[in-house]
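Quick notes on the structure that follows.
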Amino acid sequence: MFTSYEFVFVEKFVSYQARKNKAGYAVDRSYRYLVIRPPKSVKTYSFILNRSIEVPELRRNDKVRLIIDLFTRGYNRKAEIKILAVELLQ
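Every letter in the sequence shown is one number past the one before it in the working numbering, and letter 17, counting from 1, is 268.
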């Protein structure tokens, strides 16, 4: 069963960068964590976002549109979700 929403609400968005020193060289890491809530619902969903996605600065209760890819790996029947884009709606 699939459900379609024109937009979802942002509950929480955290973005931070960390500089780690591993084996004598520095590694820059960026982490982005997004929690969304569908309209007329209290259930929330959380995602860790990839570095390649351009994400605007988001605040709580912003309306966003997510472009999502559903896929499976190998013989696994469990569907996995990958966020391809986040668009801020005004």
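For each residue, glycine too, the CB sits at the ideal point set by N, CA and C.
Excluding sequence positions up to five away, which residues of its chain have a Cβ less than 6 Å from the Cβ of residue i?
| i | result |
| --- | --- |
| Phe-260 | Arg-288, Asn-312 |
Rounded to whole angstroms, what is the Cα-Cα separation between residue i and residue j?
| i | j | result |
| --- | --- | --- |
| Ser-266 | Tyr-284 | 7 Å |
| Arg-316 | Arg-280 | 26 Å |
| Ile-332 | Arg-270 | 28 Å |
| Val-286 | Phe-298 | 6 Å |
| Gln-341 | Val-306 | 15 Å |
| Ile-318 | Tyr-276 | 36 Å |
| Phe-426 | Leu-300 | Residue 426 cannot be examined here, being either before or after the span of the chain that is shown, 252 to 341. |
Nearest to residue i by CA position, among the options, is which residue?
| i | options | result |
| --- | --- | --- |
| Tyr-296 | Glu-257, Gln-341, Glu-262 | Glu-262 |
| Lys-314 | Tyr-282, Val-293, Glu-338 | Glu-338 |
| Ser-343 | Lys-329, Tyr-282, Val-293, Gly-325 | In the structure as shown, the chain starts at 252 and stops at 341, and residue 343 therefore has no counterpart that could be examined. |
If the criterion is Cβ atoms closer than 8 Å, does the pair residue i and residue j meet it?
| i | j | result |
| --- | --- | --- |
| Asp-320 | Leu-335 | yes |
Between residue i and the rest of its own chain, which residues show a CB-CB distance below 8 Å, the 5 nearest in sequence each way excluded?
| i | result |
| --- | --- |
| Pro-290 | Tyr-256, Phe-258, Val-259, Phe-260 |
Return the bridge partner residues of residue i from the DSSP annotation.
| i | result |
| --- | --- |
| Ala-277 | Asn-272 |
| Arg-283 | Ser-266 |
| Asp-320 | Lys-333 |
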